[in-house]
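S.K.: Per our numbering, numbering of the sequence shown is gapless, rising by one per residue and ending at 270. No residue lacks a Cβ here, since even glycine has one placed at the ideal position from N, Cα and C. Pasting a structure below so you can have a look.
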Amino acid sequence: MEVPPPPEEYRERIAAITAALAPPHDPRRLTAADTDAAQLDREFTARYGDTHTHTVQIRELRGWTAHLKGEPATAARWYLHTTGLQARIWGAHHALTKASAHRAVQHWNGITDPADRLTVGAELLPMLTAVTGQDSTAYRTVHTAVDTGRTS
119 MEVPPPPEEY
129 RERIAAITAA
139 LAPPHDPRRL
149 TAADTDAAQL
159 DREFTARYGD
169 THTHTVQIRE
179 LRGWTAHLKG
189 EPATAARWYL
199 HTTGLQARIW
209 GAHHALTKAS
219 AHRAVQHWNG
229 ITDPADRLTV
239 GAELLPMLTA
249 VTGQDSTAYR
259 TVHTAVDTGR
269 TS
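Here it is as structure tokens:
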């Protein structure tokens, strides 16, 4: 099944948010884009619900915005959230679900604060078990880091 494009009445606003995410990254533009994406998120949630692809896509955009703002823990949590939504829409083993899961791990890798890294890593593990399996590289990497962090 193909992901439908957003409705025409939202495309210009989404394009403006996306344009603000292109280099060079300006903190003011990123903050404005984040605010605009939050507003669209509220509108999409009210109009379509949490598990509609339009809502999920704007939330993924919020994750990318958090990444560009230098907030890897927030970005990882957005992708953890969207992975759960993708799993409800498409199933745990769908390519879109797996892609969101891998983005969550990529952003988790950017977390430098040890406490945040441990906390977010622990949050990722149940999702990774369901989506990638405990034999996956992503799961093993996060699990090892969390396990090591707990024993240090």
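#1: Among residues of its own chain, excluding the 5 on either side of residue 127, which ones have a beta-carbon nearer than 6 Å to its beta-carbon?
#2: Between residue 210 and residue 256, is the Cβ-Cβ spacing less than 7 Å?
#3: Closest by CA to residue 205, which one among 219, 138, 228?
#4: Taking the straight line between their C-alpha atoms, what separation do you get for residue 159 and residue 262?
#5: What's the call for residue 143, buried or exposed, on a 16-neighbour Cβ count within 10 Å?
#6: Exposed or buried, what is residue 239 when buried is set at 16 or more other beta-carbons lying within 10 Å of its beta-carbon?
M.R.: Here's the rundown:
#1: The sequence position of residue 127 within the sequence shown is 9, counting from 1. Once the five neighbours on either side are set aside, residue 127 has no close Cβ partner at all.
#2: The residue given as residue 210 occupies position 92 in the sequence shown. The residue given as residue 256 occupies position 138 in the sequence shown. Not a contact, by the Cβ cut-off of 7 Å.
#3: Within the sequence shown, numbered from 1, the residue matching residue 205 stands at position 87. Taking only the C-alpha atoms, the option nearest residue 205 is 219.
#4: For the purposes of this step, residue 159 is taken as residue 41 along the sequence shown, with counting starting at 1. For the purposes of this step, residue 262 is taken as residue 144 along the sequence shown, with counting starting at 1. Straight-line Cα distance between these residues: approximately 34 Å.
#5: Locating residue 143 in the sequence shown gives position 25, where the first residue counts as 1. The residue is exposed, with fewer than 16 neighbouring Cβ atoms inside 10 Å.
#6: Walking along the sequence shown from the start, residue 239 turns up at place 121. Result: buried.
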